[in-house]
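Colleague: First residue of the sequence shown: 9, per my numbering; consecutive thereafter.
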Amino acid sequence: MSLNGAKVLGFAAFSGTGKTTLLKQLIPLLKDQGLRVGLIKQSHHDVDIDQPGKDSHVLRLAGASPVMLCSPFRRAVITEHGERRERSLAEELAYFDQASVDLILVEGFKQERFPKIELHRPALGLPLLFPDDPAIIAIAADGPLPAEAPIPRFDLNAPRPIADFIFSHFHGTH
């Protein structure tokens with residue numbers, strides 16, 4: 009999956025498997041290889057990144073949407089959704105500035121069909137996702153798998169080979 013040239017790669021796993029921990033390790037490794045990396049993280053909670061009492065928060069509560077908060081360091085755009093429903097990855101990608109990145113890493117949207125790496129911890133006793141998701145291109149686990157994986161397999165606790173796989177899989181096509 010890609011729009012405007014940026015490639016998209018997801019990380020699929022059950023909660024508590026370590027997606028954020030692995031991404032925190034992978035991002036610097038991918039950047040060291042020259043990739044400009046963006047990220048989309050899906051949350052099922054009512055998140056509010058704005059700070060109560062600040063002008064942007066007050067104006068958003070007054071009904072402005074979207075609200076863009078700008079500084080010399082970063083920009084944040086906060087948009088209120090008219091109806092409460094889960095958005096698709098494609099809907100969210102439409103708002104992502106893809107011209108400034110080579111690769112968009114995605115945490116969440118595991119039910120959607122786009123290239124993903126599955127993270128699995130056998131000790132958690134949860135089922136593998138790859139048998140039911142043909143979009144999973146590799147699996148990273150921290151122990152023996154209960155089923156043979158016909159896709160590349162990596163040690164979940166060794167991010168360098170995973171980063172090398174991502175780079176080689178997506179490099180040259182962006």
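From the three backbone atoms N, C-alpha and C, an ideal C-beta is built for every residue, glycine too. Since we're looking at a predicted model, the values are computed, not measured.
CB GLY18 to CB LYS124, shorter than 7 Å?
Modeller: As a working mapping, residue 18 is identified with position 10 in the sequence shown. As a working mapping, residue 124 is identified with position 116 in the sequence shown. In contact: GLY18 and LYS124 (Cβ atoms closer than 7 Å).
Colleague: Looking at ALA20 and GLU94, is the spacing between their C-beta atoms short of 7 Å?
Modeller: Position 86 of the sequence shown holds residue 94. Position 12 of the sequence shown holds residue 20. No, the Cβ-Cβ distance between GLU94 and ALA20 is not below 7 Å.
Colleague: Mind checking whether ALA171 and PRO160 have CB atoms under 7 Å apart?
Modeller: The sequence position of residue 171 within the sequence shown is 163, counting from 1. The sequence position of residue 160 within the sequence shown is 152, counting from 1. For ALA171 and PRO160, no; Cβs fall outside 7 Å.
Colleague: Are any of the Cβ atoms in chain D nearer than 7 Å to that of PHE173?
Modeller: Chain labels in this structure do not include chain D; a single protein chain is all it has.
Colleague: For the stretch 94 to 155, list the beta strand (DSSP E) runs that are entirely contained and at least 3 residues long, ordered along the chain.
Modeller: The stretch 94 to 155 contains these whole beta strand (DSSP E) runs: 111 to 115, 124 to 128 and 144 to 149.
Colleague: By DSSP, does ARG68 sit in helix, in strand, or in coil?
Modeller: To locate residue 68, count along the sequence shown from 1; it is residue 60. The answer is helix: DSSP assigns ARG68 an H, G or I state.
Colleague: Which same chain residues, not among the five before or five after LEU47, have their C-beta less than 6 Å away from its C-beta?
Modeller: Within the sequence shown, residue 47 is the residue found at index 39, counting from 1. Result list for LEU47: LEU113, in chain order.
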